[in-house]
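Colleague: Take any residue in the sequence shown, count from 1 to its spot, add 47: that is its number in the working numbering.
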Amino acid sequence: MNDENILLNLFTQITFPTNAEKEEAWIDSFSPDSLCEYILAVQRNDTGKVIGGIEINNLDLKNSNCIIAIYMHPEYLGRGIGTQAINLLLDLLFDRFSLNKIKLNVFDFNERAIKSYKKAGFVKEGVLRQELFTMNKYHDIIMMSILKQEWNQHGTKN
Numbered sequence: 048m049n050d051e052n053i054l055l056n057l058f059t060q061i062t063f064p065t066n067a068e069k070e071e072a073w074i075d076s077f078s079p080d081s082l083c084e085y086i087l088a089v090q091r092n093d094t095g096k097v098i099g100g101i102e103i104n105n106l107d108l109k110n111s112n113c114i115i116a117i118y119m120h121p122e123y124l125g126r127g128i129g130t131q132a133i134n135l136l137l138d139l140l141f142d143r144f145s146l147n148k149i150k151l152n153v154f155d156f157n158e159r160a161i162k163s164y165k166k167a168g169f170v171k172e173g174v175l176r177q178e179l180f181t182m183n184k185y186h187d188i189i190m191m192s193i194l195k196q197e198w199n200q201h202g203t204k205n
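#1: Using 10 angstroms around the beta-carbon of residue 199, count the other beta-carbons present and answer buried if the total reaches 16, otherwise exposed.
#2: Cβ atoms of residue 111 and residue 146: under 8 Å apart, would you say?
#3: Could you give the first and the last residue of the continuous alpha helix (DSSP H) run that contains residue 163?
#4: From the DSSP output, read off the bridge partner residues of residue 123.
#5: Relative to the C-alpha of residue 141, which residue among 103, 92, 188 and 155 is closest?
#6: For residue 167, count the other beta carbons within 10 Å of its own beta carbon; 16 or more makes it buried, fewer makes it exposed. Which is it?
#7: For the alpha helix (DSSP H) containing residue 129, name the first residue and the last one.
#8: Under the three-state reduction of DSSP, which class applies to residue 53: helix, strand or coil?
#9: Distance, Cα to Cα, residue 174 vs residue 164?
#10: Need the endpoints of the alpha helix (DSSP H) that residue 199 sits in, please.
#11: Considering only residues of the same chain and omitting the five flanking positions on each side of residue 185, which have a CB-CB separation below 6 Å?
#12: For residue 122, collect the residues of the same chain with a Cβ closer than 8 Å to its Cβ; drop the 5 residues on either side in sequence, then sort them by chain order.
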């Protein structure tokens, strides 16, 4: 994760440059009391190499929703792998967990991610205005979501 662009798009306190100790401390911060229920690896099928990760946070089975986050190694961006991982995750969350709504937050400058989320069927639900100060200016956080019925109608189910 020692890539400034990846760290810039994560909702994390890890700073660039990072090192193994900082990343281990970040992973250790996910205690049983944290809001992060699951961290899944995105792996290459042919080599098993980890090329990204997915978080499932705030899993609320009573209200049937959760918040997700995805991050990919820069070498694998723009290949559709992130979109494929999102589609597999949505299948899992809607079908196996029987959730009704999947939410995510994305920074306004992360246009590649926004395009990928829209391609998967996510819609913009709201904006947290000037929520993040980075790159010498304030940026918005865009809140997006997809409902199970939208996912079923979207046609990208695997």
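Just so you know, even glycine gets a beta-carbon here, dropped at the ideal spot from N, CA and C.
Modeller: By the coordinates alone:
#1: exposed
#2: yes
#3: 158-166
#4: By DSSP's assignment, residue 123 forms no beta bridge with any residue.
#5: Closest by alpha carbon: 103.
#6: buried
#7: 128-138
#8: Since pLDDT at residue 53 reaches only 46, below the 50 mark, its modelled position is unreliable, and the value read off the structure follows with that caveat. Residue state, collapsed to three classes: helix.
#9: 15 Å
#10: From DSSP, the alpha helix (DSSP H) with residue 199 extends over 195-201.
#11: 177.
#12: 98
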